[in-house]
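Residue numbers (my numbering): 11 to 301.
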């Protein structure tokens, strides 16, 4: 009889305990690795209660609602070669950006995952050493500076077309450098271009350059605005620096006496430069009785 009463008492205590646990773990509470949500299962497994996470607030972008921006990039000079162009959309607010590259027809498509206002930059690439860029960068719509760019506003799922650009082809100085003694075409000679104010604006060096009729050793200085430039030739590498002296084009000793090179926007100016060999200069100096 006492054993029977003890069993009833224990059962009653378990019922009270379970009711208390139901208050502490409301419906919806789940234990990792358990099939049900009864708190008795968690207690028997020695696990702390784990609640279902609260529902997530909806975000600005939902699955399948990415927007696209597309267009075509061309050159202001139909006869000019235009390398593939990098197209970058940068958010006006924040650091979000998206990049695409034009195909063989100049077409591009940007996939935009975050709606908002963007500034679009177009920048010609340099796909190989022989194909330097020859066009000026710009922002949509035909703006030179980012602050002046026309903003493109994109909404979720929007398909925005016609964001085109026409890059301005710059002027170019293309040329070769030879030894005035042997006629050898020289590679690895530095060429520095100075503007009309005497400011150094760009450094290149002679190397393999792709021309319409094939690859040649030469140099390309581009893109340039219309103006007058002067060139300084400086042997940089072994094979040239130990054989030639540096000089200004064309066989001059200073910026002020250098032969000017005129450049027109969108056009190519070609020059044929040469360097005097150390041996020849030293020979002439010796013949003149100079030290």
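Ideal Cβ positions, reconstructed from N, Cα and C, are used throughout, including at glycine.
Self-check item: Proximity of residue 185 and residue 281 at Cβ, strictly below 8 angstroms
Solution: yes
Exercise. Note down the Cα distance separating residue 227 from residue 158, rounded to an integer number of angstroms.
Key: 40 angstroms
Quiz item: DSSP three-state call for residue 129: helix, strand or coil?
Solution: strand
Quiz item: Which of the three DSSP states, helix, strand or coil, is assigned to residue 156?
Solution: helix
Exercise. Under 6 angstroms Cβ to Cβ from residue 109, same chain only, skipping five residues before and after it: list those, please.
Key: 98
Quiz item: Do residue 268 and residue 241 come within 8 angstroms of each other at the CB atom, strictly closer than that value?
Solution: yes
Quiz item: residue 286 by DSSP, collapsed to three states: which one?
Solution: coil
Self-check item: According to DSSP, residues forming a beta bridge with residue 111
Solution: 96
Exercise. Name the residue from 279, 263, 246 whose alpha carbon lies nearest to the alpha carbon of residue 236.
Key: 279
Quiz item: Between the Cα of residue 178 and the Cα atoms of 258, 143, 113, 137, which residue gives the shortest distance?
Solution: 143
Quiz item: Does DSSP put residue 147 in a helix, in a strand, or in coil?
Solution: coil
Quiz item: Going straight from the alpha carbon of residue 198 to that of residue 188, what length do you get?
Solution: 11 angstroms
Quiz item: Among the residues of its own chain, which have a CB less than 6 angstroms from the CB of residue 120, if the five just before and after it don't count?
Solution: 79, 99, 108, 110
Self-check item: Same chain, Cβ closer than 6 angstroms to residue 53, five either side skipped, listed in chain order
Solution: At residue 53 the pLDDT is 33, less than 50, meaning the model places this residue with poor confidence and gives no usable figure here.
Quiz item: Do you know whose CA, among 116, 102, 96, 75, lies nearest residue 85's CA?
Solution: 116
Exercise. Could you tell me how far apart the beta carbons of residue 220 and residue 141 are, in whole angstroms, since I believe they sit closer than 8 angstroms?
Key: 5 angstroms
Practice problem: Give the secondary structure of residue 202 by DSSP, where H, G and I count as helix, E and B as strand, and everything else as coil. | Solution: strand
Quiz prompt | Cα-Cα separation between residue 214 and residue 204, rounded to whole angstroms | solution = 12 angstroms
Quiz item: Quick one, are the C-beta atoms of residue 150 and residue 156 less than 8 angstroms apart?
Solution: no
Quiz item: Can you tell me the Cα-Cα spacing of residue 256 and residue 138, whole angstroms?
Solution: 27 angstroms
Practice problem: Identify which residue in 113, 259, 162, 96 has its Cα closest to the Cα of residue 1. | Solution: This structure gives no information on residue 1, because the portion of the chain shown stretches from 11 to 301.
Exercise. Report buried or exposed for residue 136, applying the criterion of at least 16 other Cβ atoms within 10 angstroms of its Cβ.
Key: exposed
Practice problem: Using alpha carbons as the reference points, say which of 76, 81, 82, 89 lies closest to residue 222. | Solution: 89
Self-check item: Simplified DSSP assignment, three categories, for residue 253
Solution: coil
Quiz item: Going by C-alpha distance, which of 76, 206, 254, 208 is nearest residue 191?
Solution: 254
Exercise. Could you tell me the boundaries of the beta strand (DSSP E) in which residue 6 lies?
Key: The first residue shown for the chain is 11 and the last is 301, placing residue 6 beyond what the model contains.
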